[in-house]
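All residue numbers for the sequence shown refer to the working numbering, where the first residue is 625 and numbers rise by one. Only one structure is covered here, and it is reproduced in the block below.
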Amino acid sequence: MNHHIPTTPQPDPSETIMAALAHGMTGHPEKAAALFEPFILGGSATALGLCAALAETTVHDSRKNLPTNGAFGLLVIDPTTGKHGSVDSFPPGIRFAAQFTAAWANNDRDTAHDLFNALVRPGTEEAADALAVGIRALFDMAVASLNNLTGRTNDTQGTAP
Numbered sequence: 625m626n627h628h629i630p631t632t633p634q635p636d637p638s639e640t641i642m643a644a645l646a647h648g649m650t651g652h653p654e655k656a657a658a659l660f661e662p663f664i665l666g667g668s669a670t671a672l673g674l675c676a677a678l679a680e681t682t683v684h685d686s687r688k689n690l691p692t693n694g695a696f697g698l699l700v701i702d703p704t705t706g707k708h709g710s711v712d713s714f715p716p717g718i719r720f721a722a723q724f725t726a727a728w729a730n731n732d733r734d735t736a737h738d739l740f741n742a743l744v745r746p747g748t749e750e751a752a753d754a755l756a757v758g759i760r761a762l763f764d765m766a767v768a769s770l771n772n773l774t775g776r777t778n779d780t781q782g783t784a785p
């Protein structure tokens, strides 16, 4: 069965996000940019909502396997050396996505919100670029999680939404 995936924002924001994720899962992540544009242009609240939705998509299934009183953390491995690294060595947008997702996974909404605000607060071109990179990283993580959940293997790396 062949389903049409919308390429324009839908009246329901959740349908818009689901369409973007479906494009990512079917190997067309570049189609997500137009769908995410209203969230970004809508200001901080809608951009934060998009980040939260993507982080929730990433961690939702993993929470089922978290032991009672367990918590999510970040494990960084340097791909060159194979040794433990630091999230602080990541570019700002990637660092934001990793830390935001961990905070969201742990239901620490205050920290997630603070991380978002710290990223965008400067209001500079660099901050906007870091947010775009962060949203792309959150999108890629959400798509990877959904692909894992459904048994799909599409690779979304290397094509910007």
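Virtual Cβ for every residue (Gly too), placed ideally from N, Cα, C.
Subject >> Per DSSP, the bridge partner or partners of His708 >> reply: Your numbering for residue 708 matches position 84 in the sequence shown. DSSP lists Ile701 as partners of His708.
**OP:** Kindly give me the distance between the Cβ atoms of Leu770 and Thr681, rounded to whole angstroms, as I take these residues to be in contact under 8 Å.
**Re:** As a first step, residue 770 is located in the sequence shown; it is residue number 146 there, counting from the start. As a first step, residue 681 is located in the sequence shown; it is residue number 57 there, counting from the start. With 8 Å as the limit, Leu770 and Thr681 qualify as a contact, their Cβ atoms being about 7 Å apart.
**OP:** In angstroms with no decimal places, state the Cα-to-Cα distance between Ala729 and Val683.
**Re:** Locating residue 729 in the sequence shown gives position 105, where the first residue counts as 1. Locating residue 683 in the sequence shown gives position 59, where the first residue counts as 1. CA-CA distance, Ala729 to Val683, rounds to 6 Å.
Original post:
Beta carbon of Thr632: closer than 6 Å to some heavy atom of the ligand FAD?
Top reply: This structure simply doesn't include the ligand FAD, nor any ligand for that matter.
Original post:
If you draw a straight line from the alpha carbon of Glu750 to that of Ile718, how long is it in whole angstroms?
Top reply: Start at 1 with the first residue of the sequence shown, and residue 750 comes out as number 126. Start at 1 with the first residue of the sequence shown, and residue 718 comes out as number 94. Glu750 and Ile718 have their C-alpha atoms some 13 Å from each other.
**OP:** Within its chain, find whatever has a CB closer than 6 Å to the CB of Ala726; leave out the 5 residues flanking it on each side and keep chain order.
**Re:** Counting from 1 along the sequence shown, the entry for residue 726 is found at position 102. Shown here for Ala726: same chain residues with a beta carbon closer than 6 Å to its own, the five before and five after excluded, namely Phe696, Leu698 in chain order.
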